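Residue numbers (my numbering): 4 to 426.
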């Protein structure tokens with residue numbers, strides 16, 4: 004599993020509450036049909052900067068391991084994956100263990116790995132210079148949200164859920180957290196009052212300049228959600244809008260998966276169904292940076308946590324769209340999903356499929372990455388992952404310059420074995 008279902012937040016607010024958020028033309032394509040191998044010995048830091056690698060969590064008989072490979076010109080791995088670290092506490096041995104996200108800090112110093120177990124989520128932090136792994140913050144169950152783009156380059160937004168023992172970092176002797184900003188180097192945190200308990204927090208995302216944070220909250224299943232905007236220090240809090248089943252968007256009233264455009268003028272977000280059925284289709288919406296000019300752009304996959312991705316020129320969005328909407332089994336079971344990569348011109352609202360299961364031969368087409376010139380999309384295609392041995396994704400690239408009857412696709416890599424998550 005690549006990310007957890009965002010709707011699980013709302014379902015579990017009512018009960019025990021667990022996971023949140025739960026995935027240039029090509030001059031030459033790979034013709035090697037052999038899967039990408041993995042070197043199993045641990046390696047040292049190396050001479051390349053951390054951002055020059057693609058990172059993976061892999062499944063092995065001893066549990067999960069962290070691996071990496073040099074990043075190619077289109078964002079694909081090149082060469083053999085090298086194992087660089089293990090995880091503590093036998094993480095990855097249980098079938099229920101998963102990694103929901105992996106994100107490299109803006110300064111490249113830390114890789115945040117959001118892991119989920121049957122008792123909750125924790126964040127493993129990999130120091131790319133010291134080549135060491137640690138739980139950050141320690142003694143807390145909670146989940147990683149996003150890196151802050153400014154400041155020291157390695158502070159992140161974090162949703163604290165439960166303290167773990169007497170060494171848990173508790174503010175003022177009382178466990179009543181809101182949204183935390185955590186320094187990955189020291190584990191020190193600053194608590195931001197979000198007006199509701201942290202258990203109500205769905206998502207929080209900083210603006211590209213790091214000066215503002217948009218976030219959403221919900222009190223539980225069937226109660227809709229609220230969207231807020233504040234300065235990054237928690238000041239000047241404003242309520243942007245309330246999403247309810249009786250308002251705009253109808254039953255799609257759980258708001259999250261925010262994505263600011265690179266120019267900071269527009270916020271894309273998803274409205275998911277406020278329903279106990281986990282994987283109903285969602286709506287892709289945009290609004291301006293103050294919550295106005297809300298518009299529905301497209302119907303997209305819902306509940307699997309695939310973020311919409313802006314093109315570098317802030318003109319287009321790439322997203323994952325479900326292709327088997329009529330299959331009600333896929334409403335309930337993650338393994339039944341069939342999905343394509345789609346793109347939309349935000350100004351004209353013209354959308355088109357970039358890569359579908361019919362084109363790649365794979366059930367899941369996911370995790371789009373734009374090229375620097377906003378003309379191409381690199382993505383991964385795979386069949387549903389096996390929870391015991393991991394998945395076998397393959398990298399592809401597609402043109403994304405406008406609606407085409409038959410978009411141009413090329414493979415970039417052979418299949419990569421035992422993959423649990425990509426960062």
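Beta carbons are placed, not taken as given, at the ideal position from N, Cα and C, and that holds for glycine.
It should be emphasised that the depicted structure is a prediction, and the values quoted were computed from it without experimental measurement.
- Taken atom to atom, the span from the alpha-carbon of residue 162 to that of residue 147 is near 7 Å.
- Exposed is the label assigned to residue 177, since fewer than 16 other Cβ atoms lie within 10 Å of its Cβ.
- DSSP places residue 332 within a helical segment (H, G or I) once states are collapsed to three.
- For residue 60, the enclosing beta strand (DSSP E) starts and ends at 56-63.
- When the Cα atoms are used, residue 278 and residue 394 turn out to be separated by approximately 29 Å.
- Counted as a single uninterrupted DSSP element, the stretch harbouring residue 389 is not any alpha helix (DSSP H), since DSSP gives it neither H nor E.
- Within the region 282-356, the alpha helix (DSSP H) runs of at least 4 residues that lie entirely inside it are, in chain order, 332-335.
- Secondary-structure assignment with DSSP links residue 270 through a beta bridge to 263, 290.
- Taking a C-beta distance under 8 Å as the contact criterion, residue 344 and residue 321 qualify as a contact pair.
- When C-alpha distances from residue 87 are compared across 102, 391, 106, 61, the shortest belongs to 61.
- 211 is the residue among 426, 211, 124 whose C-alpha sits nearest the C-alpha of residue 156.
- A residue is called buried once 16 or more other Cβ atoms fall within 10 Å of its Cβ, and residue 169, having fewer, is exposed.
- As computed with DSSP, residue 87 is found in no beta bridge at all.
- In this chain, the beta strand (DSSP E) harbouring residue 106 covers 101-107.
- With at least 16 other beta carbons inside 10 angstroms of its own, residue 312 counts as buried.
- Annotated as distal: residue 140 and residue 102, with beta-carbon spacing of 8 Å or more.
- If you look at residue 361, you'll find it in the alpha helix (DSSP H) that goes 360-363.
- In this structure, the beta-carbon distance from residue 294 to residue 230 falls below 8 Å.
- By the Cβ neighbour-count rule, residue 353 is exposed, with fewer than 16 other Cβ atoms within 10 Å of its own.
- Counting only residues of its own chain and dropping the five nearest sequence neighbours on each side, residue 386 has a CB closer than 8 Å to the CB of 365, 366, 367, 394, 395.
- When secondary structure is reduced to three states using DSSP, residue 201 falls in the helix class.
- The Cβ-Cβ distance between residue 346 and residue 380 falls below 8 Å.
- With a threshold of 16 other beta carbon atoms within 10 Å, residue 64 falls short and is exposed.
- In the three-state DSSP reduction, residue 53 falls in the helix class (H, G or I).
- Contact between residue 298 and residue 350 is absent: CB atoms are separated by about 11 Å, not below the 8 Å threshold.
- Per DSSP, the continuous beta strand (DSSP E) segment holding residue 136 begins and ends at 135-138.
- In the three-state scheme derived from DSSP, where H, G and I count as helix and E and B as strand, residue 92 is classed as coil.
- Short of 7 Å from the beta carbon of residue 95, and not among the five residues preceding or following it, lie these beta carbons of its own chain, in chain order: 62, 66, 67.
- Collapsing the DSSP output to three states places residue 66 in a strand.
- Beta bridge pairing from DSSP links residue 72 with 57.
- Within the same chain, Cβ atoms closer than 6 Å to the Cβ of residue 377 are found at 314, 315, 316, the five residues on either side in sequence being excluded.
- Annotated three-state conformation of residue 118 is strand, per DSSP.
- Counted as a single uninterrupted DSSP element, the stretch harbouring residue 79 is not any beta strand (DSSP E), since DSSP gives it neither H nor E.
- In the same chain as residue 371, and ignoring 5 residues on each side of it, the C-beta atoms closer than 6 Å to its own belong to 312, 321, 344, 380, 382, in chain order.
- Within 10 angstroms of the beta-carbon of residue 51 lie fewer than 16 other beta-carbons, which makes it exposed.
- Pairing residue 338 with residue 389, the inter-Cα distance amounts to about 9 Å.
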